[in-house]
Amino acid sequence: MNSTELVKQIENKRSFLCVGLDTDPKLIPSMFKKEVDPVFAFNKAVIDATADFAVAYKPNIAFYEAFGPKGWESLQKTMDYIPKDIFTIADAKRGDIGNTAFMYAQTFFDPSCAGFNFDSVTVAPYMGHDSVEPFLRFEDKWVILLALTSNSGSHDFQMTKSEDYIPMYERVMRLAQTWGSPEEMMFVIGATRTDFLQKAREIAPDNFFLVPGVGAQGGSLEDVSKYAMNSRVGLLVNSSRGIIYAGDNPAVDAKREAKKVQEEMAMYLDEYYIK
Ligand SMILES: O=C(O)c1cc(=O)[nH]c(=O)n1[C@@H]1O[C@H](COP(=O)(O)O)[C@@H](O)[C@H]1O
């Protein structure tokens, strides 16, 4: 999916919500446990309940690969079920030398390999340009590069400053913009880092940000909208547990939560979105 299609979807749905499909078999409500594939049955119910309010789905790959072939099959069925006009993110946080990175890129982007046709993959920048470039070879596919993450460990490396006082996350964002255009590269900026959202937007005015950390991790949707929205919205805000585990019945509970977030987003679009 290209950025024009993504922005159009955001404007039509008045939403920049990404629903995270972090489906833990232990947390699936009992009504799904009797199904042949409980993970897929649950995801299907969540997708049915939230597709009107979400512009993206982000299956976190860890929750699927932990269960081997069965997990990959649940992921495949989930991907096949997601409506084709909704943006998809393989949250895999990959990063390796070039030829290996290309295999990872094929896994998620090339339907003739593993069978997936994701729009984007999360990638760790630590190994540098040649570990990211292979993901950029695919047309209308996106790299979502970790910049400033939502966890407390983000202080360990991302916030550290070199002799020129530039923090590592800023160095990542500036250099990565020489590797790929805003049409193919997004940055992860945690919603829990509202103090840095404005700065991040200054560093990368045109890139989309994937912003996890609202909902269960407590980030403020209003601050994210206020400080990081750009003239093409430029935001995908993820919530996983806060939506998918909102209650025992996704048709009611996940729907209620997704709708609530979407309505709040519509309000912030009215307030902060200036084309
Ligand atoms: O890349 C991510 O999506 C990500 C980056 C980050 O900085 N923090 C973060 O929480 N995530 C992911 O976003 C999701 C957050 O889930 P909830 O806290 O349940 O909404 C998980 O899948 C995390 O792996």
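Numbering-wise, numbering that gives the first Met the number 0 puts 33 at position 34 of the sequence shown, and it's gapless, one number per residue. In this text, a Cβ means the ideal position worked out from N, Cα and C, and glycines have one as well. Quick caveat: nothing in here was measured; it's all calculated off a predicted structure.
- Relative to ligand 1, even the nearest heavy atom lies 7 Å or more away from the CB of residue 166.
- Only exposed fits residue 79, as fewer than 16 other CB atoms lie within 10 angstroms of its CB.
- Annotation for residue 94 indicates a beta carbon at 7 Å or more from all heavy atoms of ligand 1.
- Bounds of any beta strand (DSSP E) do not take in residue 228, whose DSSP letter is neither H nor E.
- Two segments are said to touch when three or more pairs of C-beta atoms, one from each, lie closer than 8 Å; by this definition the region 188–206 touches the region 147–156.
- For residue 196, there is no enclosing beta strand (DSSP E); the enclosing alpha helix (DSSP H) covers residues 193–202.
- Those residues that bring their Cβ nearer than 5 Å to a heavy atom of ligand 1 are 19, 21, 59, 90, 121, 148, 149, 187, 189, 211, 214, 215, 216, 238, 239, 240.
- For residue 15, same chain residues with a beta-carbon under 7 Å away, outside a window of 5 residues either side, are 9, 54, 232, 234, 235, 236, 264 in chain order.
- Looking at the DSSP output, residue 17 bridges to 55, 237.
- In the DSSP assignment, residue 107 falls within the unbroken alpha helix (DSSP H) covering 97–108.
- Distance from the CA atom of residue 27 to the CA atom of residue 250, rounded to whole angstroms, is 14 Å.
- Judged by their CB atoms, residue 243 and residue 227 are not nearer to each other than the 8 Å cut-off.
- Relative to the Cα of residue 180, the nearest Cα in the group 141, 46, 163, 194 belongs to 141.
- By the beta-carbon neighbour count (other beta carbons within 10 angstroms, threshold 16), residue 112 is exposed.
- Between residue 51 and the set 258, 98, 183, 19, the nearest pair of CA atoms involves 258.
- With respect to the C-alpha of residue 75, the residue from 84, 86, 60 having the closest C-alpha is 60.
- Around the CB of residue 69, fewer than 16 other CB atoms lie within 10 Å, so the residue is classed as exposed.
- Within a 10 Å sphere around the beta-carbon of residue 97 sit fewer than 16 other beta-carbons, which makes this residue exposed.
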